[in-house]
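Enquirer: Provided herewith is a single structure, encoded as C-alpha cells, for subsequent inquiry.
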Ligand code: GAR
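In my numbering, the protein residues as written are 168 to 372.
Structure, rendered in C-alpha cells:
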C-alpha cells in the first residue's frame, strides 16, 4: 500500500481529482494519508477533510526557507505514514520550490503537475506564457520532481489546441480539465509499480 501525501497552496482541484479517483476505487493500492498546505486559507483543505475525510495539516513557513521549511513538511508527512519506503508525495498547485534535501529524501517519490508541455513554459503563469508566445498547442505534464524547477522526467502529457481568442482564463480552464484526467492516472501507474525511470526517460510498463 502506498501512503499518499498531497501538498497544496490553494483551490486544490487536482487534489480533489486524485482523492475522487481513490474514493471511487480507481487506485486500490493508494491510501490518502494527509493533505498539507503552506497557506492556512487554502480552499482545498476543507475539501480534503469535509468531502473525503482526509487528515489535513497547515505548515506555515513563518519566514523559514528551503530545507528549514521543508523539514517541517517532511515531519508532517512522516507523522502521517508517508515515508521514503512506502510514500508518494504529490505536489498539486503547491506554490513553493522544494529544496534538494526534500527531493533526495523522497527520491523518485515526488510527482508534480504543470500546466504546460514541459520543457516549454516552466515556472509561474505557464498558460499566460503559452498565449504570449503564440503556440498553437499546449497542455499539461505530470513529471517526477528532481532538483531543478519543472525539470524532472516526464511521466504523462496531454495536449490541447490553443484557440484564437483564448485568454489566460479560458486556456487555463481547458488545460485544467486535462490535468484532472492525467494526474490520477499517473498516481495509479506509480502505485502499480509501472513507472520505470531510466535517466531522463520514464517507461510505462
Ligand atoms: C494547476 O493548474 C497546476 O497545474 C498549477 O497550479 C494549478 C493549481 O490548481 N501548478 C503550477 O503552475 C505549478 N508550477 P489546483 O489547486 O486547483 O490543483
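Ideal Cβ positions, reconstructed from N, Cα and C, are used throughout, including at glycine.
1) Out of 359, 360 and 355, state which residue places its alpha-carbon closest to the alpha-carbon of residue 188.
2) Just how far apart, CA to CA, sit residue 265 and residue 311?
3) Could you name the residues of the same chain whose beta carbon sits closer than 6 Å to that of residue 238, not counting the 5 residues immediately before and after it, in chain order?
4) Applying the 10 Å Cβ sphere with the 16-neighbour rule, what's the burial state of residue 254?
5) With hydrogens ignored, establish whether the beta-carbon of residue 305 is closer than 6 Å to any heavy atom of the ligand GTP.
6) Leaving aside the five residues before and after residue 314 along the sequence, list all residues of the same chain whose C-beta is less than 6 Å from its C-beta, in chain order.
7) What's the C-alpha gap between residue 366 and residue 320?
8) Short of 7 Å in beta carbon distance, which residues of its chain neighbour residue 227, apart from the five on each side in sequence? Order them along the chain.
9) Per DSSP, what kind of secondary structure is residue 200 in: helix, strand or coil?
10) Kindly list the residues whose CB is nearer than 6 Å to the CB of residue 339, restricted to its own chain and excluding five residues on each side of it in sequence; keep chain order.
11) Report the rounded CA-to-CA distance for residue 211 versus residue 277, giving the unit in angstroms.
12) Hey, is the region 169-186 in contact with the region 242-257, meaning 3+ C-beta pairs nearer than 8 Å?
Expert: Checking against the coordinates, here is how it stands:
1) Counting from one through the chain shown, the residue named residue 188 turns up at place 21. Of 359, 360 and 355, the residue nearest in Cα terms is 355.
2) In the chain shown, counting from the first residue as 1, residue 265 sits at position 98. In the chain shown, counting from the first residue as 1, residue 311 sits at position 144. One C-alpha to the other measures close to 13 Å.
3) To locate residue 238, count along the chain shown from 1; it is residue 71. So the list is empty, once near-sequence residues are dropped.
4) In the chain shown, counting from the first residue as 1, residue 254 sits at position 87. Its Cβ being crowded by 16 or more others within 10 Å, residue 254 is buried.
5) The ligand GTP is absent from the structure shown, which contains only the ligand GAR.
6) Sequence index remark: in the chain shown, residue 314 carries index 147 (1-based). Around residue 314, the same chain offers 267 and 270 as residues with beta carbons nearer than 6 Å, after the five sequence neighbours per side are excluded.
7) Along the chain shown, one-based indexing puts residue 366 at 199. Along the chain shown, one-based indexing puts residue 320 at 153. C-alpha separation (whole angstroms): 8 Å.
8) On the chain shown, residue 227 is found 60 positions in, with the first residue counted as 1. Counting only Cβ-Cβ distances below 7 Å, and skipping sequence neighbours, we find 205 and 207.
9) In the chain shown, residue 200 corresponds to position 33, counting from 1. Three-state DSSP puts residue 200 in a strand.
10) Taking the chain shown and counting its residues from 1, the one referred to as residue 339 is at position 172. Take residue 339, set aside five residues on each side of it, and the residues of its chain with a beta-carbon closer than 6 Å to its own are 294, in chain order.
11) Residue 211 sits at position 44 when you count from the first residue of the chain shown. Residue 277 sits at position 110 when you count from the first residue of the chain shown. Each residue's Cα considered, the two are about 19 Å apart.
12) yes
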